[in-house]
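Here is the structure we will look at.
Residue numbers (my numbering): 34 to 737.
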């Protein structure tokens, strides 16, 4: 067999390593079962890198003979008790609060894990603003490894039947969830050893701790007995996305491998992916579709990419990108589909896989979505195999047939006959549109208004860390730049909501109600001082946004009393948070706040008063978290109090002036009052704009 090689180490992959065996586990049932079996044989080290993980997830969902627990957390706990030489390292993404309701909160506090000194659980915050640790890896004893799209999360288990009412498809709270389709590659040999090296490197970046490789041993066979190898003695390429961050150079191997493999395709490109918003990948696919003799392209997507937020963002971006593909499809060689299962009714299969097969020559599976962020913002890891002989080509063809058999609900023999009869996969898709289970044509349409108002992908699905992120290294890498953006966004929001608020105040009962409340509060000033100060302090301790608290006080109190109450409440809340952090201790606060705030801790210790003033002026972390960290690091209390006073006072004055001028403009809508309000708001916006411009200039100068 002769063809131009796609994989080139150092260009579109990090490394090419030998694997004695490779298999692909389709859907959570097969993956979780294999993982449970392999973990039982671990002797030295288990590494888990995750975007999401739930210690309560059950790896086995039906009665199967096993001596060990089926819940992940209990299984790890039991293995550590039974194996004195075993160490378990878990690196879970220090996730955004956007996912707070979907995830298990800090599983390290599960009582069984807390007692295990050889279980090392860390949150990975080594990401640029908006980025994530998206790799899904499990490596055992440096000998065997799983890599793909399946996290050890609570909604990942499903069988390949994707049955409408599978009683086993429930989360740890016994709540049913929709069908889910994904896959994981299993590798044995040097490829697993290389992935272990990658995991240790990621651990070092996230924690600063250097881990040693597992002892070399040939005595223990880890390959799961029920899993048949798809490949034997094959070379596996490891492709990464590593964003530029904190002196870590950018690696875009995932993107390069996509571009090179699509460019090399001759007959068929088969893709399964959760998203399709990557502009560069769409461009190269569109180019291939314009060729008279180019390859057929089958793109399998979910019907909808996720919940309400994703449907109004990523689905819109998908529509825009797929329209460009359809415009380029001059020769009718494109099919965009979703796996339809008629028995599911309104529900649908959540396709989460990240797969591409090119002809019978190339296969890749990993964590990277076909989104811009997976090309340069998130940390990703994909594995790829390029056939060296006809046996490996047969294996790639057989695996594609296995997937299509699942989607069409056909046996592999029936699929082979249908493909032979139709002559191509595209014709097979077209002729089976009315079958109960099939790959149904997806138009990707979205609501017209949503499509019109959504900004470009640069804002929703960025392919690189923003310029502001690179300012990081001066103080606290991610959060400060985030705060500058927040202030700019807040200014625009204030301007846009001011008119609406004024209308409510002037022409609804809101103004009368607030005036009445202010009169009641003024009558009982001594009590109001106590209640307001204590209420402010407790709310601040519970992480209620301090800006919101200041606005509320400004609305209900006169100017100078309100400022006094605000400062009193802020200082009392600071003392309470400091005391809580002091008694909880540094380790507990770090587990609560995440390792990103270790940098905050170091800056508070190093720069004292000036550091406190700065984090209060430009809040790089929530008010309550800063107080906890200050207490846990035993910062001098006088520096914290004085820094809080000096740092917060300008912002408090600005908010009170804003409210005062707004009230004046509403109560007496004379030109002078309105002009004063507009000038004040415009001045604040101008200051923030100039600050951002200065920071961008500094970045540009420093990066030359």
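Glycine included, each C-beta is placed from N, C-alpha and C at the ideal position.
Computed from a prediction, not measured in an experiment: that's the story for all the values here.
Based on DSSP bridge pairs, tell me the residues matched to residue i.
i: residue 372; result: 472
i: residue 126; result: 157
i: residue 181; result: 217
i: residue 51; result: 268
i: residue 62; result: Answer by DSSP bridge pairing: none, since residue 62 is not bridged.
i: residue 80; result: 122, 172
i: residue 57; result: 218
i: residue 609; result: Residue 609 pairs with nothing; no bridge assigned.
i: residue 397; result: 389, 417
i: residue 86; result: 185
i: residue 281; result: 278
i: residue 166; result: 412
Could you tell me if residue i is buried or exposed, where buried requires 16 or more neighbouring beta carbons within 10 angstroms of its beta carbon?
i: residue 591; result: exposed
i: residue 715; result: exposed
i: residue 712; result: exposed
i: residue 334; result: buried
i: residue 469; result: exposed
i: residue 246; result: exposed
i: residue 719; result: exposed
i: residue 618; result: exposed
i: residue 417; result: buried
i: residue 323; result: exposed
i: residue 90; result: buried
i: residue 309; result: buried
i: residue 37; result: exposed
i: residue 110; result: buried
i: residue 512; result: Residue confidence for residue 512 is low, a pLDDT of 41 falling below 50, so the modelled location carries little weight; the figure read from the coordinates is stated next. Buried, because 16 or more other Cβ atoms sit within 10 Å of the Cβ of residue 512.
i: residue 440; result: buried
i: residue 338; result: buried
i: residue 75; result: buried
i: residue 646; result: buried
i: residue 66; result: buried
i: residue 171; result: buried
i: residue 39; result: buried
i: residue 115; result: exposed
Using three-state DSSP, classify residue i as helix, strand or coil.
i: residue 566; result: helix
i: residue 338; result: coil
i: residue 70; result: helix
i: residue 554; result: Residue placement at residue 554 cannot be trusted, given a pLDDT of 49 that sits under 50; the coordinates are not used to answer.
i: residue 313; result: helix
i: residue 274; result: strand
i: residue 255; result: coil
i: residue 42; result: strand
i: residue 406; result: helix
i: residue 412; result: strand
i: residue 306; result: strand
i: residue 466; result: coil
i: residue 107; result: helix
i: residue 329; result: strand
i: residue 545; result: Because residue 545 carries a pLDDT of 49, less than 50, the predicted location of this residue cannot be relied on, and the following value inherits that uncertainty. Helix.
i: residue 383; result: strand
i: residue 350; result: helix
i: residue 513; result: Because residue 513 carries a pLDDT of 42, less than 50, the predicted location of this residue cannot be relied on, and no value is offered for it.
i: residue 366; result: coil
i: residue 443; result: coil
i: residue 91; result: strand
i: residue 719; result: helix
Thinking residue i and residue j are a contact (beta carbons under 8 Å), I'd like their distance in whole angstroms, please.
i: residue 264; j: residue 425; result: 6 Å
i: residue 48; j: residue 227; result: 5 Å
i: residue 125; j: residue 156; result: 6 Å
i: residue 112; j: residue 119; result: 6 Å
i: residue 461; j: residue 197; result: So it is not a contact: roughly 25 Å between Cβ atoms.
i: residue 301; j: residue 458; result: 7 Å
i: residue 285; j: residue 181; result: That belief does not hold up - the Cβ atoms of residue 285 and residue 181 are roughly 20 Å apart, past 8 Å.
i: residue 58; j: residue 217; result: 5 Å
i: residue 187; j: residue 204; result: 4 Å
i: residue 303; j: residue 390; result: 5 Å
i: residue 269; j: residue 55; result: 7 Å
Any beta carbon of chain C sitting closer than 8 Å to that of residue i?
i: residue 461; result: Absent from the structure is chain C; it holds one protein chain and no more.
Is the beta carbon of residue i within less than 7 Å of some heavy atom of the ligand FMN?
i: residue 86; result: By its list of ligands, the structure shown contains no ligand whatsoever, and the ligand FMN lies outside what it can speak to.
- request: Let me know the beta strand (DSSP E) ranges lying completely inside the segment 197-242, each 3 residues or longer, listed in chain order.
  value: 216-221
Handout entry: 4-residue-minimum alpha helix (DSSP H) runs that sit fully inside the segment 642-702, ordered along the chain
Key = 656-665, 670-700
Every unbroken alpha helix (DSSP H) within the segment 571-617, with a cutoff of 4 residues, ordered by chain: 579-589, 592-617
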